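Asks:
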Amino acid sequence: MKIEREKKYVIPDSFAEKLKKVSLLKIGVIQWYIDDQKFIDDDRLKRYKKYRLRLVIDNKFNENWVIAIKRDLGDFKREEIEFGIEKSKVKISKLKNFKLTAKIRYFLTKPHSDPEIVLDEFLNTCNVNFDVNFLVEVETEKIFEKIEKEYGLRNFEVVDFSMYTNEKLAKRFNIESKDLIRCVYEELIKK
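Numbered by my numbering, the letters in the sequence shown go through residues 2 to 192 in order.
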C-alpha cells in the first residue's frame, strides 16, 4: 500500500502545447472503472466492490495491465494498492461495458521522481470525447507552492479535487475496446 499526495491543475490548450514540447516521455493510458467483482477472477480483488483496470501502452505497442484500488484520505492524500495482471485474465471484448478514461500522458519529470509531474491529454478522437482536454498532476512530498511557481501552475489549481479524479471524468463510449486501444496507440505515435 502506498500513500500518494497529489494536486491537479486544469490548464489551457496553449499552455499544454508548451509543456508537451518539454516532456521527457509519453505513454498511452486507458483506465476502466470496474464495478463487477466477477469480471476478473483474482483472489486479491474479492474484498473490493470496484477497482480500476489500467492499460499502459508505449510507442512500441508494449502493453502493461495493472489493477489499482484507491481510497481518498483527505489533505491531497490517497491510499493506493496496485498490482500487475496478465492480459489473458482480462475480457477485452467486455470492457466496453465500463466507464473509462483514455489519454496520452506526458512526463514533465522522470517517472517515480519527487516531484512526479505529468500532463494528461484526454482523447478527443474515434468518437471519444471528454469534458477536459488537459490536466496536470503533481505528486510530491515537497511543498506544492514551490513546484506551482516553478512550473507556472499557480492560477490553474483545481479547487474541488474530487471533481477531477479520473474516475469522475470517466464516461461510457460506444467503441469496441480493441478499437479504442488502436486509437490511443495512433495518438501516441503522432509527432
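Quick reminder that beta carbons are idealized off the backbone N, C-alpha and C, glycines included.
The structure displayed is predicted, hence computed values, not measured ones.
Skipping 5 residues on each side, what residues in its chain have a beta carbon closer than 6 Å to that of Lys90?
Replies: If we look at Lys90 and ignore the five residues flanking it on each side, its Cβ neighbours are Ile41.
Asks: Report yes if the CB atom of Ala103 is closer than 8 Å to the CB atom of Ile31, and no otherwise.
Replies: Yes, the pair counts as a contact, with Cβ atoms nearer than the cut-off.
Asks: Just the Cα atoms here: how many angstroms apart are Val1 and Lys143?
Replies: This structure does not reach residue 1, given that the chain is present from 2 up to 192, and the question cannot be answered.
Asks: Alpha carbon to alpha carbon, how far is Arg72 from Arg183?
Replies: Near 31 Å, if we compare the C-alpha coordinates of Arg183 and Arg72.
Asks: Report the residue from Tyr10, Arg6, Lys22 whose alpha carbon sits nearest the alpha carbon of Tyr1.
Replies: A question about residue 1 goes unanswered here, because the residues of the chain that appear run from 2 up to 192.
Asks: One question on the structure: do Ile35 and Leu54 come within less than 8 Å of each other, judged by their Cβ atoms?
Replies: Closer than 8 Å, so yes.
Asks: Are Lys8 and Phe77 touching if we call contact CB-CB under 8 Å?
Replies: Cβ distance < 8 Å, so Lys8 and Phe77 count as in contact.
Asks: Would you call Asn63 buried or exposed, if buried means 16 or more other Cβ atoms sit within 10 Å of its Cβ?
Replies: With fewer than 16 Cβ atoms within 10 Å of its Cβ, Asn63 is classed as exposed.
Asks: Pull up the distance between the alpha-carbon of Ile176 and that of Lys51, whole angstroms please.
Replies: C-alpha separation (whole angstroms): 22 Å.
Asks: Over what stretch of residues does the beta strand (DSSP E) that includes Lys19 continue unbroken?
Replies: Per DSSP, Lys19 belongs to no beta strand (DSSP E); it is in the alpha helix (DSSP H), 14-22.
Asks: Any idea which residues DSSP pairs Asp73 with across the strands?
Replies: Bridge partners of Asp73: Arg79.
Asks: Identify every residue that forms a DSSP beta bridge with Gln221.
Replies: The requested residue 221 does not occur in the structure, where the chain is confined to residues 2 to 192.
Asks: Return helix, strand or coil for Lys39, following the three-state DSSP convention.
Replies: If DSSP states are grouped into helix, strand and coil, Lys39 belongs with coil.
Asks: Report the start-end ranges of each alpha helix (DSSP H) in the segment 151-190 that is 4 residues or longer and not cut off at the edges.
Replies: Taking only runs of at least 4 residues, the alpha helix (DSSP H) segments lying wholly in the segment 151-190 are 167-170, 178-190.
Asks: Use the C-beta contact count for Asn65: other C-beta atoms within 10 angstroms, 16 or more gives buried, fewer gives exposed.
Replies: Asn65 comes out exposed.
Asks: Report buried or exposed for Phe99, applying the criterion of at least 16 other Cβ atoms within 10 angstroms of its Cβ.
Replies: Looking at its Cβ environment, which holds 16 or more other Cβ atoms inside 10 Å, Phe99 is buried.
Asks: Tell me whether Ile190 is buried or exposed, calling it buried when 16 or more other Cβ atoms sit within 10 Å of its Cβ.
Replies: Ile190 comes out exposed.
Asks: Per DSSP, what kind of secondary structure is Arg45 in: helix, strand or coil?
Replies: Note: Arg45 maps to helix in three-state DSSP.
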